[in-house]
Amino acid sequence: MKTNSIHQTVQFEATPKRIYDLIMDAKLHSSITGSSVVISNEVEGTFSVFDGYCTGYNIELADGEKIVQAWNFKEDGWPDTHYSICTFVFNKADNGCILDFTQTNVPEHKIQALTDGWNDYYWEPIKNYLANK
0 MKTNSIHQTV QFEATPKRIY DLIMDAKLHS SITGSSVVIS NEVEGTFSVF DGYCTGYNIE
60 LADGEKIVQA WNFKEDGWPD THYSICTFVF NKADNGCILD FTQTNVPEHK IQALTDGWND
120 YYWEPIKNYL ANK
């Protein structure tokens, strides 16, 4: 299976710690995505988001600074045993946080859908959540 990578840089009007928490806190994560979320805050701990559509485990966690996780998506042509690696790096900016996001080992036929999906189901909902809080 051919794979490729996604890289996105997103700016948020919130602290890096706040954006980290919106991803790693199950209750906050669920309020952003509108789905069932279970997430461990321990390295090697597991997670399930979007009602089980995405599952995986934590590889590295640095509170407010960095998240590295292995993700599996319930998608056609995405093997049950295949994981992509998502790295979220949170950098302080003058007006908030710059998130540097990379997802590697993505099946090539899913690159566009996931590129759009991160924006549609994470970055924009996070921005909307912050604007209303």
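So in numbering that gives the first Met the number 0, spot 95 of the sequence shown is number 94, and the numbers just go up one at a time.
Cβ coordinates follow ideal geometry from the N, Cα and C atoms, glycine included.
Predicted, not measured: the structure shown is a model, and the values here were computed from it.
query, result
"Contact the segment 66 to 80 vs the segment 108 to 124: 3+ CB pairs below 8 Å", "yes"
"Nearest candidate by alpha-carbon position, reference Pro106, set Tyr128, Thr86, His81 and Asn94", "His81"
"Whole-angstrom distance between Asp93 and Asp50, CA atom to CA atom", "36 Å"
"Reduced DSSP category for Trp117 - H, G, I as helix; E, B as strand; rest coil", "helix"
"Residue(s) in a DSSP beta bridge with Lys65", "Ala61 and Val88"
"Integer-rounded CB distance, given that Val67 should sit under 8 Å from Thr54", "The Cβ separation is near 16 Å, so there is no contact."
"Neighbourhood of Tyr8 by C-beta, 6 Å cutoff - its chain only, sequence neighbours within 5 removed", "Going by the sequence as given, residue 8 is Thr instead of Tyr. Within the same chain, Thr8 has close Cβ partners Asp99."
"Ser30 and Tyr128 closer than 8 Å at C-beta", "yes"
"Residues of its chain near Asp20, where Cβ-Cβ distance is below 7 Å and the 5 sequence neighbours each way are ignored", "Leu27"
"Coil, strand or helix - Thr14 by DSSP", "coil"
"Assigned exposure category for Met23 - 16 Cβ within 10 Å defines buried", "buried"
"For Ile18, the nearest candidate out of Met0, Ala61, Val42 and Ser47 (CA to CA)", "Ala61"
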